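Below is one structure; the comments refer to it alone.
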Amino acid sequence: RQKKKKKKEKIEKFLGDLSQLLDEPFRSEALTRGYSNCFDKFETGKMIVPFVNELLKPYIDAPSKMKPSILKEIAQMINEKFRLILDKNFLRLDFLSEDDAFERRLKESFNDH
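Here this note's numbering runs 56 ahead of the position in the sequence shown, where the first position is 1.
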């Protein structure tokens, strides 16, 4: 039990450190966790952003492998991907056609929310 507690503490520490390295607009989204999955026996939760989850999973499984240089590299990748999403207006679905009825309705529906 003590070993599990130490592991969870290490995970929470590196997630806190990672939070400080992330750009402000992405911080909360990038590190939001979902707890409904049995993914994690240490109750740290799975990241709801799939690419963030994939980047962090090896270090959640073995937090002692996380080093400051790795943490900085992960933060840089997360910031770059979120910046790309914002820069390309991906969430506004601007890449969808106004000429196609389905794409136009999808775009209108998504942007109304």
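For glycine and all other residues, C-beta sits at the position ideal for the given N, C-alpha and C. Every value quoted in this text rests on a predicted model; they were computed, and no experiment measured them.
Using a Cβ distance threshold of 9 angstroms, L142 and K163 do not count as a contacting pair. For F82, the enclosing alpha helix (DSSP H) has its first and last residue at E80 to A86.
When the Cα atoms are used, P81 and I134 turn out to be separated by approximately 12 angstroms. Taking 9 angstroms as the cut-off, the Cβ atoms of S125 and K66 do not count as close.
Under the three-state reduction of DSSP output, R57 falls in the coil class, being neither helix nor strand.
Pairing L127 with L77 gives a Cβ-Cβ distance under 9 angstroms.
R139 sits close to D79, with the two beta carbons spaced by under 9 angstroms.
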